[in-house]
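Remarks on the structure that follows.
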Amino acid sequence: MTGSRPPRSPLDALRPAAFGADPAGERMARIRRSPHFADGVFTNPAGAARPSSRSMLAFLPTYFRKEERVRRAPAHAVPVHPTTVADLAVPAASGLRLTWMGHSSVLAEIDGGRVLFDPVWSERCSPFAFAGPRRLHPVPVPLAETGPLDAVVISHDHYDHLDMPTVRALARTGAAFVVPLGVGAHLEHWGVPSDRITELDWHESTRIGTLTFTATPARHFCGRALRNTQHTLWASWVVAGPEHRIFHSGDTGYFPGFADIGTEFGPFDATMVQIGAYSEFWPDIHMTPEEGVRAHADLQRGAPEVGVLLPIHWGTFNLAPHPWAEPAECTMFAAHAAGAAAVIPRPGQPFEPAVGLPLEPWWRDVARLPVHGWAVWPPVSAAQLELAADR
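In our numbering, each residue's number is its place in the sequence shown (first place is 1) plus 684.
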C-alpha cells in the first residue's frame, strides 16, 4: 500500500533518516478505519500502558550506575555458533528449522519457505551509529549469507526490531515485507518498493507461496522519533505452512489474548516468545520469563509440553536492569516446572525441534556468577523439590 507523503517542512531536512516516515494519505486513512485505532492512537487489547516519563526517570539512575551496568553484561565473550552458508543451504530434514540470530531476530525455515523475523544486524539499536545500546555479541551470520528469503516479518517499529541499515540491505534482495499497519511508511522511506510491502491489521492474513502470515494482537506500543504519534501498529505473528505452524511474539506484556490465539491457530510446533528486557518500571509491555512460559502454555491450548519454546529478546542488547543471564536461567527453570520444552541455543545455532534440542546452559560459562551461585542443573521441577523437602 502506498500513501502520499506528508507536506515537508524546513525541519524535515534535519530529521535523521532512521526516524523513518509518518503514515499519510491512503495509508493513514486505512489506519483510521482500524477498529484498534481510537482517539488518534492505536490502543492495546487489555488496557496496557506504555512506560510513563516518571517510570523512565526512575529507571535511569539504575541504568547508568556502574555496578548495575556490570551485572547487565556478560563477563566473557558470548559463544556465537559458527554457522556457514553451506549449513543453511541444506534443507531442514523435518521441514522446520530455527536459527536464533540474537535478540528477536530469528531465521525460520518452514515447509520450504524462509522467513526472517525482526532482523537487526547493526552494531547499535539506535537512530545513531555513535550512541545507543551496543551489541554484546557479534552478528552470527553475515546478512548476505542467510540465503534467499521469501519474507521479512517485522513486529513493530522500535529500533531493536526495525533497523534501517538492515532493511536497506534486504530491500535489494527481492524479499517481501510483511508488517503491521503503518510500518510500511518507514520501509518506503528507506527504499523498499511499495509492491513488496504488505501491511496487516490484527486478525488479517496474507499468503506468500505456501505460507500464510497472520498478524495477531500484542500488548506494547510504537515510536521512533522524538514525537511519537502512535500511528503504527505492533503485532505478534502466526506463520502457517502445509505441515508446520510457528508463532513470534514480538514485544508484548502478558495478556489473556494468548489463549485466544492458541485456540484459533494453535498448537504450534514452535513459539518464539519474548522473555527479556522486563522491569518493574514497565510491567505492562514486556514479559518476565515466568510470564513467557505461561504465554507459551496458553498458545499451546493449555498443554505446555506440546511444541518447543524458543526464548527471544535477550542476550544481545542491554535494555533493562536485570542481570544479563537471568532471562535464560529463569526461563529454563520456569519451563521445567511447567513441563514445557524450552531451548536456548547459542546465537546462530540452527536446530530442528523434531530432531533434537540443544540443552547445554552455555550462558553460565560467560555470565558473572550470581551472589548465591548457580542453581542445580538440570532444573528441578516443583514436584521434585516438594519430594526432596518431605525427605
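A virtual CB, placed ideally from N, CA and C, is assigned to each residue, including glycine.
Remember, predicted model here, so these are calculated numbers, not experimental data.
Assign residue i to one of three DSSP states: helix, strand, or coil.
i       : result
Ser788  : coil
Pro905  : Reading off the sequence shown, one finds Phe at residue 905, where the question assumed Pro. It is coil, neither helix nor strand.
Leu994  : strand
Gly1057 : coil
Pro775  : coil
Pro1062 : coil
Pro1011 : helix
Ala701  : helix
Phe814  : coil
Leu871  : helix
Val762  : coil
Pro691  : Summary for Pro691: the model assigns pLDDT 49, below 50, so the residue's position carries little reliability, and this model does not support an answer.
Leu1071 : Summary for Leu1071: the model assigns pLDDT 40, below 50, so the residue's position carries little reliability, and this model does not support an answer.
In terms of residues, what are the limits of the beta strand (DSSP E) holding residue i?
i       : result
Val825  : Note, Val825: premise wrong, no beta strand (DSSP E); not H, not E.
Pro864  : Ala860 to Pro864
Val836  : Ala835 to Val837
Arg1097 : It is not possible to answer for residue 1097, since the shown part of the chain is limited to 685 through 1075.
Thr890  : Ser889 to Ile892
Glu807  : Premise fails: Glu807 is in no beta strand (DSSP E) and is neither H nor E.
Name the DSSP bridge partner or partners of residue i?
i       : result
Thr900  : Ser920
Glu793  : Arg781 and Arg798
Val725  : Ala722
Leu1043 : Paired residues: none, contrary to the question.
Ala1026 : Leu993
Phe1035 : Leu782
Leu820  : In the DSSP output, where bridge partners are listed per residue, Leu820 has none listed.
Over what stretch of residues does the alpha helix (DSSP H) that includes residue i continue unbroken?
i       : result
Thr882  : Segment Ile881 to Leu884 is the beta strand (DSSP E) holding Thr882; no alpha helix (DSSP H) there.
His1006 : From DSSP, His1006 is part of no alpha helix (DSSP H); its letter is neither H nor E.
Gly709  : Gly709 to Arg717
Leu854  : Met848 to Ala855
Run the CB neighbour count on residue i, radius 10 Å, all protein chains shown included, and call it buried at 16 or more, exposed below.
i       : result
Glu975  : buried
Leu993  : buried
Asp879  : exposed
Trp921  : buried
Val923  : buried
Asp723  : exposed
Val1055 : exposed
Phe861  : buried
Phe814  : exposed
Ala1051 : buried
Ala770  : exposed
Val754  : exposed
Ala902  : buried
Val1039 : exposed
Phe905  : buried
Phe1035 : buried
Asp844  : buried
Thr882  : buried
Val762  : buried
Val1060 : exposed
Asp834  : buried
Phe721  : buried
Glu793  : buried
Gly925  : buried
Gly868  : buried
His842  : buried
Gly991  : buried
Val711  : According to the sequence displayed, residue 711 carries Arg and not Val. Result: buried.
Asp935  : buried
Gly1057 : exposed
Just to check, is the beta-carbon of residue i closer than 7 Å to a non-hydrogen atom of the ligand MG?
i      : result
Arg985 : The model depicted lacks the ligand MG and carries no ligand whatsoever.
Threshold first: 4 residues or longer. Then list the alpha helix (DSSP H) segments lying entirely within the segment 914-994, N to C. 941-949 and 973-983
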